[in-house]
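Sequences listed follow chains A and L, in order. Heads up: the first sequence begins at 1 in the working numbering, then just goes up one per residue. Heads up: the second sequence begins at 1 in the working numbering, then just goes up one per residue. Think of the CB as a built atom: it goes at the ideal place given N, C-alpha and C, for glycine as much as any other residue. Here the structure is a predicted model, which means the values were calculated and not measured. Here's the structure, in structure tokens; my notes come after.
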Amino acid sequence: MKPLVLSALSTVNALGVGLDATMRGLRENRSGLRFCDYEDARLDTYIGRIDGVEQAPIEGALARYDCRNNRLAQMALRADGFADAVAAAAGRYGADRIALILGTSTSGLREGERAFARRAPDTGALPAEFHFTETQDHHSLAAFVQGYLGLRGPAATVSTACSSSAKVFADAAQLIDAGICDAAVVGGADSLCLLTLYGFNSLELIAGTPCCPNDAARSGISIGEAAGFALLERADAAAGGAMARLLGYGESADAYHMSAPHPEGLGAELAMRRALEMAGLAPGDVDYINAHGTGSRQNDQVEDAAIARVFGDGMRSSSTKGATGHTLGAAGILEIAICCLAMRHGFIPGNVNLRALDPAFRCRVEAATAAGTVRHALNNSFGFGGSNCSILLGRPQ
Amino acid sequence: MIEARIAGIGLFGPGLPDWPTARRVLSGAADYAPGDIVPPVPDGLSPRERRRTSFAVRLALAAAAEAVRDAREDAVRLPTVFGWAHGDGVIVQRLLETLATPERFVSPTDFHNSVHNVAVGYWAIASGSHEPCSSIAAAMDTYPASLLKALAEVHCAGRRVLHIACEAPFDEPLYSACPTGAPLALAMVLTPPQEAGGIARIRADYRADGGNVTKPATAALRPLWELNPAARAIPLLEAVARAYAAAQTMAIPYGPEGRLHVTVAPC
């Protein structure tokens, strides 16, 4: 593929609002996880909850879109000068030449949960103030962001569970390559809701302690929430300095099971190999992998083995989900942002909460963040339904 | 602008049980006579997985399988782009009802079947395909959004791509919050433009020109076109079914002012 640049980037996650707060958290090896205090969820688990969401409603012309998920999106649009960068790009290309491709798994489903808790006792009807299309609908996030940014290009939502906001980079690259648009806003948001907390609990995938991916004693995931965006442009057309280059993507399907990964990591391996092939890079060119690393027994083991088959023993890898929680459909954009920070500022993000690496693992995983040159970084995002995506990034030139 | 060819078509819905029957309805040779439908149990799944597939998933997989047969293709080789606005809405509603009970005993099977990419997940398991697969939503614009993604993938990867569009209605009370009319699924195998043969040539471009949109010529299908996002494909399928000698151009609404301009031409 012809390289694209990420010319603007933003993030909101449990470590804080914006790239600087996130980088500080990573450098301090801080975990943003806390004991579950979300609504009336009665689960013995830890969550990566973002502070200040309750005080940041959506007001004005887009007020009907007000819900937790779109509030996270609004926080990320206001962070890191992102909305201003998009406005400048719209001035250069035209608002109709910028596509919008966002990922989410549950969008504003929380509003549906609230509506079903308040059904009319006689008729079972949902409350009149429930706005399905502007909240629960999967596309509510993209419709809100399109209105907020004033974009007029093609808009779409990718919803492939936990790979959603990684796959948006592939879709945007394809639209730009086909000449349908000149630039694209990509990213996504997923917010805490009862469905994911109780759903992962029903699958016995929730840890009772703050999650510790890649640890010998890991016992499951901690659910988090996040939103983030990137502006993708052709390398030769971008006006200012870039955060990073998008060099390749690899997508695959496990074709194995709806909620369990392929036992040999076949899909994960294919995704990583395809990303390398598209970028024209050798395994030795990659200095850091931000692993999907959920903290579940099976995911981490299968992923470690797949990384070792592609990159050999001792590959530098870490999961940052001990810091942020597993942000599900927003994991891709959050962890791609972390890869960009690692390349730009020269550090290898630590694997927060790691005490003893699983002795069977072949990757080199360190608990603490360390200084280090990262020329190329790979992000892995794998989702239910066996949907895998690897994104290969390079330092800006 | 992206060019491609249509190599195979599949269709499943009330009164439209397969593409040959639908072609007669869409070309005006037969009347549209909707009734209850029972989508077939999909091939290629284990007995337990077959039991776990719902009406919505079976509907989608029926159209997908017909399109692949029609194109004389092997599904294992095809990347898949799946467009539906609401996922499996019956399962989503059942989970919302469960979460409103004091115990909140969520069924683990319901939970993993509630992901938007449930249909493409079962399709990959049934076909054994490890190729890229995606699940796209864009509310009422899901058909043009997912078709554009599929065409862009044909263009970039230079290979055949399976595009599926499906929508099955919610139960009440969510149906009142989001009415989608009758169920409908359709699928097309899209090929690069330089491939020989096929059913029709297709050309697509996006413009935010706010121009007139093309509605179905088949009057009986207009209500479905208004409600069901997958039914936004009907004008395109009519152009194929009517096999005009000259190219037909249509505008599919895509966003407040956006239009996907599609030209369908004979091969």
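Task: Under 7 Å by beta carbon: chain A residues contacting residue 5/L - done: Neighbours of residue 5/L on chain A: none; closest Cβ ~16 Å, over 7 Å.
TODO: Would you mind telling me which residues of chain L sit closer than 7 Å to residue 270/A, beta carbon to beta carbon, in chain order?
DONE: 130
Task: Beta-bridge partners of residue 133/L, as assigned by DSSP - done: Residue 133/L is bridged to 80/L.
Task: 8 Å contact criterion, which residue 393/A and residue 272/A should meet: CB distance rounded - done: Not confirmed; about 13 Å, so no contact.
- [ ] Determine the closest residue to residue 163/L out of 109/L, 151/L, 193/L and 219/L, with distance taken between C-alpha atoms.
- [x] 151/L
Open item on the list: With a threshold of 9 Å between beta-carbons, can residue 249/L be considered close to chain A, or not?
Closed with: no
Task: residue 133/A versus 167/L, 165/L, 86/L and 101/L, residue with shortest Cα-Cα distance - done: Ranking 167/L, 165/L, 86/L and 101/L by Cα distance to residue 133/A puts 86/L first.
Open item on the list: Please report the distance separating the alpha-carbon of residue 321/A from that of residue 100/A.
Closed with: 26 Å
TODO: Tell me, to the nearest whole angstrom, how far the beta carbon of residue 118/L is from that of residue 199/A; I am working on the premise that it is less than 8 Å.
DONE: Wrong, their Cβ atoms sit about 13 Å apart, outside the cutoff.
- [ ] Check the Cβ of residue 115/L against every Cβ in chain A and list those closer than 7 Å, keeping chain order.
- [x] 105, 161, 384 and 385
Open item on the list: According to DSSP, is residue 397/A part of a helix, a strand, or is it coil?
Closed with: coil
Task: Supposed close pair residue 292/A, residue 381/A - CB separation, criterion 8 Å - done: For a cut-off of 8 Å, the C-beta gap from residue 292/A to residue 381/A is around 6 Å, short enough to register as a contact.
- [ ] Mind checking who residue 228/A pairs with in its DSSP beta bridge?
- [x] Residue 228/A has 11/A and 188/A as its beta-bridge partners, per DSSP.
Task: Cα-Cα separation, residue 173/A to residue 236/A - done: 14 Å
TODO: Going by DSSP, name the residue or residues bridged to residue 290/A.
DONE: 318/A and 379/A
Task: Span of the alpha helix (DSSP H) around residue 334/L - done: With chain L covering 1 to 267 only, the question about residue 334/L has no answer from this structure.
Task: CB contact check: residue 1/L to chain A, cutoff 9 Å - done: yes
TODO: Indicate whether at least one CB of chain L lies closer than 9 Å to the CB of residue 180/A.
DONE: yes
Open item on the list: Using a Cβ-Cβ cutoff of 8 Å, what residues of the region 244-273 of chain A are near chain L? List them in chain order.
Closed with: 251, 252, 253, 254, 255, 256, 257, 258, 259, 266, 267 and 270
Open item on the list: So, does the region 4-11 of chain L touch the region 59-69 of chain L, judging by three or more C-beta pairs under 8 Å?
Closed with: yes
Open item on the list: Less than 9 Å between CB atoms is the rule here; does residue 211/L satisfy it with respect to chain A?
Closed with: no
TODO: On a CA-only basis, which of 215/L, 101/L, 201/L and 144/L is nearest residue 207/L? Give me that one, please.
DONE: 144/L
TODO: Determine which residues share a DSSP beta bridge with residue 364/A and list them.
DONE: 316/A
Open item on the list: Please state the DSSP three-state secondary structure of residue 157/A.
Closed with: strand
- [ ] Note down, one range per segment and in chain order, each alpha helix (DSSP H) of at least 4 residues found wholly within the region 174-226 of chain L.
- [x] Within the region 174-226 of chain L, the complete alpha helix (DSSP H) runs of at least 4 residues are 174-177.
Open item on the list: Give me the DSSP bridge partner(s) of residue 5/L.
Closed with: 191/L and 201/L
Task: Simplified DSSP state of residue 20/L, which is helix, strand or coil - done: The three-state secondary structure of residue 20/L, taken from DSSP, is helix.
Open item on the list: Which residues in chain A have a C-beta closer than 8 Å to the C-beta of residue 155/L? List them in chain order.
Closed with: Within chain A, the residues near residue 155/L are 174, 177 and 178.
TODO: Check whether the Cβ atoms of residue 259/L and residue 251/L sit closer than 9 Å, and answer yes or no.
DONE: Contact: yes.
Task: C-alpha distance - residue 31/A paired with residue 157/A, whole-angstrom precision - done: 30 Å
Task: Reduced DSSP secondary structure (H/G/I, E/B, other) of residue 291/L - done: The structure shown has nothing for residue 291/L, since chain L only spans 1 to 267.
- [ ] Taking only beta-carbon positions, decide if residue 169/L is within less than 9 Å of chain A.
- [x] no
TODO: Please work out which residues of its chain come closer than 6 Å, Cβ to Cβ, to residue 27/A, disregarding the five sequence neighbours upstream and downstream, and give them in chain order.
DONE: 369
Task: residue 180/A: first and last residue of the uninterrupted beta strand (DSSP E) it sits in - done: Taken as a continuous stretch (DSSP letters only), residue 180/A belongs to no beta strand (DSSP E), as it is neither H nor E.
Open item on the list: So if DSSP puts residue 272/L in a beta bridge, which residue, or which two residues, is it bridged to?
Closed with: Examination of residue 272/L is not possible in this model, given that chain L is present from 1 through 267 alone.
Open item on the list: Taking the straight line between their C-alpha atoms, what separation do you get for residue 52/A and residue 192/A?
Closed with: 14 Å
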